[in-house]
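K.L.:
Can you keep this structure in mind? I'll have questions shortly.
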Amino acid sequence: MKLLHVRPYLMAGLLMLALPGCEKALEEYNPSGLTADSVYTTPAGFETLVNGAYSYARWWYGKEDGYSMSEMGTDLWLRGAGDVNPDLTEYTTLQSSSRASTELWGQLYAAVNVCNAGIEYVSKSGLTDSQKKVREGELRFLRAFYYWHIVEQWGGVHFTTSPTTSVQTTANRTPVEAFYTQIFQDLDFAVASLPATTSDYGRATKPAAEAFLAKMHLTRGEAGMPDAQLHNQQAATLAERVVTAYGLSLQPTYADLWNMTNLQNKEIVWAINYSKDLSMNDLADATLYPGGHPRGSHNGHLHFLMKYDDQPGMVRDVANGRPFNRFMPSRFLLNLFDETKDARYDASFKSVWYANVAVAGRLAVGDTAILATKKAIPAAVAATKKYTIWDVNRVYNAAGRAASDRLHYVTLKKFEDVTRPTLNEAQSSRDAYVIRLADVLLVAAEAQFKLGNVGAAVTHINTVRRRAAKPGQQAAMQISAADLSIDFILDERARELAGEQLRWFDLKRTGKLVSRVRAHNPEAGASIQPFHMVRPIPQRQLDAITNKDEFKQNPEYR
């Protein structure tokens with residue numbers, strides 16, 4: 001699906017929501033004089049609206065703030081030296097002033113508003129009946145997708161299915177269950193309306209809707225939830241259908257997933273696509289974003305990299321990336337892997353850097369320059385090496401906290417991009433995977449486990465683990481029913497999906513966010529409290545409304 005340069009026209013007001021128009025503008029200035037009635041009642045204009053509805057996902061997926069909201073503050077990651085959102089990583093200062101939370105609140109509500117407008121206008125769009133059905137299915141899929149982010153992150157906050165067409169000064173508090181009622185309705189419509197495949201990569205399809213609906217049922221299938229077992233059965237049924245009915249297949253090896261020449265493969269159920277022409281990815285828009293905004297394309301390749309270019313034998317280059325050192329793996333994450341059997345460790349993490357400049361009397365180009373390892377290297381052994389070693393005892397203390405400068409550590413390399421044109425290029429054309437088949441298999445396993453169908457759960461997990469096995473280790477990677485628990489499933493999801501913007505949601509869904517962060521992340525674990533299961537409502541939102549006695553901050557935040 002092509003990226004758009006035309007952005008929806010947003011009027012100032014509560015939740016930063018308004019009915020979109022055609023031209024870029026700030027506040028209520030509309031220089032074109034075009035209106036929704038004149039634009040979105042034409043097929044071309046309506047297509048602009050639908051494409052614009054997709055574009056908001058690019059604020060979250062493959063973006064720094066999205067990583068902070070979805071991966072940080074979990075059991076898997078610690079704060080790197082360059083982390084710009086430590087409030088979300090460690091919870092110590094998380095309040096209504098959170099910049100990332102404020103930014104994404106506004107964009108998610110703007111996205112919902114565009115979807116609401118499209119659903120209202122689709123009958124007047126001038127499209128054929130079959131086109132209307134598909135486009136409404138896409139809009140309902142996207143509305144459910146955006147509302148899921150909102151309700152999981154902030155809880156029972158403002159909810160509407162009507163587009164905002166003027167300045168609004170009040171907000172409502174809607175129960176979480178009402179959000180999910182609408183999410184299920186929208187996704188049921190999407191499943192019934194969307195095609196099984198699309199030639200326009202990036203658009204939602206029937207299997208994408210079914211896979212996402214499966215996860216929504218799984219989310220409502222926790223013990224104590226109304227109709228929990230019915231939700232788990234629905235999750236299992238939908239996930240099994242996605243696994244078997246659409247010709248999807250796991251890539252032969254885990255490393256194949258991350259190859260820049262193989263992004264559109266049969267494992268991907270739905271992805272946020274970015275243009276190979278980086279200039280089309282809207283890096284900065286002087287009208288909508290005075291001073292610029294790092295929207296652009298995928299930039300996950302920046303954030304997980306350790307600083308290698310301050311070490312002997314190394315200068316920054318395209319192959320090794322531009323290190324922003326925002327996030328470093330927890331010792332717990334690294335120790336989840338048995339790298340003698342599991343190929344995902346070497347495919348996910350970078351441990352060795354080879355010299356790209358010579359160091360007289362010490363290193364030639366191509367020699368090992370840096371070793372970062374989760375193992376302990378005895379000082380006597382390290383002293384015999386010409387390369388620099390960052391071993392587990394240099395990077396972490398005995399409790400698992402960062403012991404050094406937070407600049408040097410084993411690096412997540414899933415998102416690296418050796419096709420960037422220059423060594424300082426911050427953008428990547430890499431697509432952001434949102435749903436892939438391995439995730440769906442693990443959803444099916446979790447649902448079957450909660451239903452008591454342990455054998456079926458083991459079968460799905462072993463399918464994922466066989467693909468992950470190193471040559472000759474397939475049998476050793478298999479598990480049995482005795483190995484299975486929710487904690488094992490979460491461990492397996494970490495091994496398979498670390499960094500893919502799912503972890504915070506996984507831990508919250510299973511009721512394990514607080515306990516696992518306390519058990520496995522000694523930095524965030526010292527601060528996390530049960531009220532951190534939702535985020536603070538942005539102060540900018542609270543200041544904008546007039547019904548302050550009705551729409552209040554989430555408990556314990558200020």
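In terms of the working numbering, the sequence shown is numbered consecutively and its last residue is 558.
Here a beta-carbon is modelled for each residue, glycine too, at the ideal position from N, C-alpha and C.
All values derive from a computational prediction rather than experimental measurement.
When you compare each of Gly126, Thr373, Leu78 to Ala44 by their alpha carbons, which one comes out closest?
P.N.:
Gly126
K.L.:
What would DSSP say about Lys450, mapped onto helix, strand or coil?
P.N.:
Note: Lys450 maps to helix in three-state DSSP.
K.L.:
I need the DSSP call for Tyr433, collapsed to helix, strand or coil.
P.N.:
In the three-state reduction of the DSSP assignment, Tyr433 falls in the strand class.
K.L.:
Using C-beta distances below 8 Å, list every residue in its chain close to Pro522, excluding the 5 sequence neighbours before and after it, in chain order.
P.N.:
Ala399, Gly400, Arg401
K.L.:
Assuming Val454 and Ala481 are in contact, meaning their beta carbons sit under 8 Å apart, how far apart are those beta carbons, in whole angstroms?
P.N.:
5 Å
K.L.:
Looking only at its chain, what residues have a beta carbon closer than 7 Å to the beta carbon of Trp353, apart from the 5 residues adjacent to it on each side?
P.N.:
By the criterion of a C-beta distance shorter than 7 Å, Trp353 is surrounded in its chain by Tyr308, Met314, Asn320, Ala369, Ile370, once the five residues flanking it on both sides are discounted.
K.L.:
Can you tell me whether Thr411 is helix, strand or coil according to DSSP?
P.N.:
strand
K.L.:
Could you check the C-alpha separation between Phe145 and Gln473 for me, to the nearest Å?
P.N.:
38 Å
K.L.:
Leaving aside the five residues before and after Tyr29 along the sequence, list all residues of the same chain whose C-beta is less than 7 Å from its C-beta, in chain order.
P.N.:
With a pLDDT of 38 at Tyr29, under the threshold of 50, the modelled position of this residue cannot be trusted; read the value that follows with caution. Counting only Cβ-Cβ distances below 7 Å, and skipping sequence neighbours, we find nothing.
K.L.:
Taking the beta carbon of Thr419 as the centre, do at least 16 other beta carbons fall within 10 Å, making it buried, or is it exposed?
P.N.:
exposed
K.L.:
Kindly indicate which three-state DSSP category Ile479 falls into: helix, strand or coil?
P.N.:
coil
K.L.:
Mind reading off the beta-carbon distance from Glu90 to Arg79? Whole number of angstroms is fine, and I expect it under 8 Å.
P.N.:
6 Å
K.L.:
Where do the N-terminal and C-terminal ends of the beta strand (DSSP E) with Arg79 fall, by residue?
P.N.:
77-79
K.L.:
So, helix, strand or coil for Pro252, using DSSP?
P.N.:
coil
K.L.:
What are the partner residues of Ala469, as DSSP defines its beta bridges?
P.N.:
Asp342
K.L.:
Quick one: what does DSSP say Thr164 is sitting in, helix, strand or coil?
P.N.:
coil
K.L.:
Do the stretch 441-457 and the stretch 214-234 meet, that is, are 3 or more Cβ pairs less than 8 Å apart?
P.N.:
yes
K.L.:
What are the uninterrupted segments assigned as alpha helix (DSSP H) that are 4 or more residues long and contained completely in the stretch 347-413, given in chain order?
P.N.:
379-382, 392-395
K.L.:
Would you say the stretch 146-164 touches the stretch 101-115, given that touching needs at least three Cβ pairs under 8 Å?
P.N.:
yes
K.L.:
Who pairs with Phe327 in a beta bridge, going by DSSP?
P.N.:
Partner residues in the beta bridge of Phe327, as assigned by DSSP, are Arg79.
K.L.:
Measuring alpha carbon to alpha carbon, tell me which residue in His158, Glu47, Asp200, Ala204 is nearest Leu189.
P.N.:
Reading off the sequence shown, one finds Phe at residue 189, where the question assumed Leu. Per the Cα distances, Ala204.
K.L.:
Do Glu210 and Arg173 count as a contact pair if the criterion is CB distance below 8 Å?
P.N.:
no
K.L.:
In angstroms, rounded to a whole number, what distance separates the CA positions of Trp77 and His520?
P.N.:
Take the alpha-carbon of Trp77 and the one of His520: they are about 10 Å apart.
K.L.:
Can you list, in chain order, the residues of its chain with a C-beta nearer than 6 Å to that of Ala358? Leave out the 5 residues immediately preceding and following it.
P.N.:
Ala364, Val365
K.L.:
Where does Pro555 land, buried or exposed, given buried means 16+ other C-beta within 10 angstroms?
P.N.:
By the 10 Å Cβ count, Pro555 comes out exposed.
K.L.:
So, helix, strand or coil for Ile268, using DSSP?
P.N.:
Strand.
K.L.:
DSSP on Ser428, reduced to helix/strand/coil?
P.N.:
Ser428 sits in a strand when the DSSP states are folded into three classes.
K.L.:
Output yes or no for whether 8 Å exceeds the beta carbon distance between Ser429 and Lys276.
P.N.:
yes
K.L.:
What number of angstroms, rounded off, separates the C-alpha of Gln539 from the C-alpha of Ser96?
P.N.:
5 Å
K.L.:
Tell me which residues share the same chain as Glu339 and place their Cβ nearer than 7 Å to its Cβ, disregarding the 5 neighbours each side in the sequence.
P.N.:
Tyr345, Asp346
K.L.:
Buried or exposed: where does Lys375 fall if 16 or more other Cβ atoms within 10 Å of its Cβ makes it buried?
P.N.:
exposed
K.L.:
Can you tell me where the alpha helix (DSSP H) holding Phe46 begins and where it ends?
P.N.:
Counting along the chain, the alpha helix (DSSP H) containing Phe46 begins and ends at 43-55.
K.L.:
Residue range of the alpha helix (DSSP H) that Glu222 falls in?
P.N.:
Premise fails: Glu222 is in no alpha helix (DSSP H) and is neither H nor E.
K.L.:
Let me know the secondary structure DSSP gives His298 once reduced to three states.
P.N.:
strand
K.L.:
To the nearest angstrom, how far is it from the Cα of Glu71 to the Cα of Ser38?
P.N.:
42 Å
K.L.:
Given a cut-off of 8 Å on the beta-carbon distance, is the pair Ala255 and Ala235 in contact?
P.N.:
Between Ala255 and Ala235, the C-beta spacing is not below 8 Å.
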